[in-house]
Amino acid sequence: MLNTMLLIVFGNFSQPSLVVSDYELAERNRIVQESIQKQNQLKQDFLNKETECLAKTIFLEARGESTQGQRLVAQTVVNRTKNPSFPKTVCGVVKSKLRGVCSFSSCSKWNDKIRDRLSYTKANKIATRALQGHYKKL
6 MLNTMLLIVF
16 GNFSQPSLVV
26 SDYELAERNR
36 IVQESIQKQN
46 QLKQDFLNKE
56 TECLAKTIFL
66 EARGESTQGQ
76 RLVAQTVVNR
86 TKNPSFPKTV
96 CGVVKSKLRG
106 VCSFSSCSKW
116 NDKIRDRLSY
126 TKANKIATRA
136 LQGHYKKL
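Numbering (the numbering used here), first residue to last: 6 to 143.
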């Protein structure tokens, strides 16, 4: 089997050429694709964690409130991520403390087990939409 060679010329013709085999080119492409997949997975993992933090905060802070009240809690958290006085992430905001006191009462209940799955599912949907920017004008 012949190994096809690809000639790539950089700059002008007086400079040396770089010869790359099909195999090397395919290997480089595979490495780039793996890197892109890892970056995408990291982004998705981060977004999932942010959604979980926001959903849990909505649930713990406002599960007995109306949908509008829950949206307001979500938007308050999201807005704080854009304020330089607060952490830049949702999880950072909801777990932040001011003078040793939690900004949200949910941070002191963070390890409580979620028993009301229906309310949590609703909070998760609101969190997802809030992070997608749906509640900017509340």
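C-beta: ideal position from N, C-alpha, C; glycine also.
- DSSP, reduced to helix, strand and coil, places Ser-108 outside both helices and strands of the structure shown, so it counts as coil.
- Secondary structure at Ser-113: helix, using DSSP grouped into helix, strand and coil.
- By the criterion of a C-beta distance shorter than 6 Å, Val-83 is surrounded in its chain by Ala-135, once the five residues flanking it on both sides are discounted.
- The DSSP-derived three-state label of Ser-124 is helix.
- Cβ contact annotation for Lys-141 (same chain, cutoff 8 Å, sequence separation greater than five): Gln-80, in chain order.
- Spanning the alpha carbons of Lys-54 and Ala-128 requires a straight line of approximately 14 Å.
- DSSP places Lys-43 in the uninterrupted alpha helix (DSSP H) bounded by 27 to 67.
- In this structure Ile-63 is buried. Its beta-carbon is surrounded by 16 or more other beta-carbon atoms within 10 angstroms.
- Straight through space, the alpha carbons of Tyr-125 and Gly-105 are spaced by roughly 28 Å.
- Judged by DSSP in its simplified three-state form, Lys-130 adopts helix.
- Cα atoms of Trp-115 and Leu-52: separation of roughly 19 Å, rounded to the nearest angstrom.
- When the Cα atoms are used, Ser-108 and Val-98 turn out to be separated by approximately 8 Å.
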